[in-house]
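Novice:
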Amino acid sequence: MRFSTKNELENFLFEESYIGELRFGPESFFMTIDNVKILEKNSCNRDVRTMRTNGLEFHIVEPRLQYVIEEGYKLYNADGVLQKEVPDIQVEPSEYANLCAQLAGGEIYDIEKDGDLYRIVIQGEEQSYAIGVTGTGDTEDWDRFMNVEMM
1 MRFSTKNELE
11 NFLFEESYIG
21 ELRFGPESFF
31 MTIDNVKILE
41 KNSCNRDVRT
51 MRTNGLEFHI
61 VEPRLQYVIE
71 EGYKLYNADG
81 VLQKEVPDIQ
91 VEPSEYANLC
101 AQLAGGEIYD
111 IEKDGDLYRI
121 VIQGEEQSYA
131 IGVTGTGDTE
141 DWDRFMNVEM
151 M
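Residue 78 in the working numbering sits at position 78 of the sequence shown; the count goes up by one each step and never skips.
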């Protein structure tokens, strides 16, 4: 059975989820995501507890890419003295395909929506990236519910 939701981003928890596939461009955005938590209030969750799934397909409807930023950082020594500061860097469109491949397997810190802007923050192997996409809505599709494993 296939499950689908529209505009229910707030009914998922993406922290500690992982990217299976990422594709984006000036007018496209698609991700498959593993280890997504499906909250109790999700319209498809008939259980009374948080569940999870793998292979969730996340689409932004009528997407327009606003920015892709390699986030900067500050490096301090053990005494708290600033040693190095690296500013945010705008990723060029010619690098999008390479970045998509590089971020496969990356951890998602957050996906949030503010008005029509979706902000996706992803931790790559060494750097984190922020992607901003505007759209008219979002869809989430997945095949099954799984138990959340307790540690």
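Don't be surprised by glycine CBs; every beta carbon is placed ideally from N, CA and C.
The model shown is predicted, which means the values in this text are computed figures rather than measured ones.
Please go through the stretch 26-56 and give each complete beta strand (DSSP E) segment of 3 or more residues, from N-terminal end onward.
Specialist: Whole beta strand (DSSP E) segments, 3+ residues: 28-34, 36-38, 51-53.
Novice: At a cut of 8 Å, does the stretch 83-98 reach the stretch 38-57 through at least three beta carbon pairs?
Specialist: Too few Cβ pairs lie closer than 8 Å, so no.
Novice: Locate the alpha helix (DSSP H) running through Gln102, then write down its first and last residues.
Specialist: That run of the alpha helix (DSSP H) goes 96-103.
Novice: I need the straight-line Cα distance from Leu39 to Phe145, nearest angstrom please.
Specialist: Rounded to whole angstroms, Leu39 to Phe145 spans 11 Å at the Cα level.
Novice: Which one or two residues does DSSP pair with Leu22 in a beta bridge?
Specialist: Its beta-bridge partners are Met31.
Novice: Which residue marks the beginning of the beta strand (DSSP E) containing Leu117, and which one marks its end?
Specialist: Counting along the chain, the beta strand (DSSP E) containing Leu117 begins and ends at 117-123.
Novice: Excluding the 5 residues flanking Ile122 on each side, which residues of the same chain have their C-beta closer than 6 Å to its C-beta?
Specialist: These residues qualify, in order along the chain: Leu103, Gly106, Ile108, Tyr129.
Novice: Taking buried to mean at least 16 other C-beta atoms within 10 Å of its own C-beta, is Ser43 buried or exposed?
Specialist: It counts as exposed.
Novice: Could you give the residue range of the beta strand (DSSP E) that holds Thr136?
Specialist: No beta strand (DSSP E) holds Thr136; DSSP gives it neither H nor E.
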